[in-house]
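J.: Dumping the structure here so I can ask a few things about it.
Numbering (my numbering), first residue to last: 3 to 102.
Written out as structure tokens, the structure is:
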């Protein structure tokens, strides 16, 4: 359980670093960013409860890359891990109304 809390802090830190790098983002983008954070933490907790595996910062980073591409293409790459695919599908559905 300690590892889960450490990873939680790392995920929050990761999103904080993104905010620091993009200080001048619009209020609309900030709202989307807030949803990304909330949904990521919900997914992390749910996935941990059902699979006893943590969501890592690296998986979150990979998920963001996939998400950005999927918003434009409407597709997920082949051979994507089920964990990352689940996270990206949640973001697409809840933020963009896209079901894959």
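The beta carbon of each residue, even a glycine, is placed where N, CA and C say it ideally should be. Just so we're clear, the structure is a prediction, and the values are computed from it rather than from any experiment.
Is it buried or exposed for residue 100, if we count other Cβ within 10 angstroms and need 16 for buried?
T.: exposed
J.: Here's the rule: buried if 16 or more other CB atoms are within 10 angstroms of the residue's CB, otherwise exposed. What is residue 25?
T.: exposed
J.: Could you check how far apart the C-beta atoms of residue 68 and residue 34 are, in whole angstroms? I think they sit under 8 Å.
T.: Not really, about 16 Å apart at Cβ, beyond 8 Å.
J.: Which value, in whole angstroms, describes the spacing of the CA atoms of residue 57 and residue 76?
T.: 24 Å
J.: Let's see if you can read the secondary structure: which residues bound the alpha helix (DSSP H) around residue 84?
T.: First-last of the alpha helix (DSSP H) with residue 84: 84-93.
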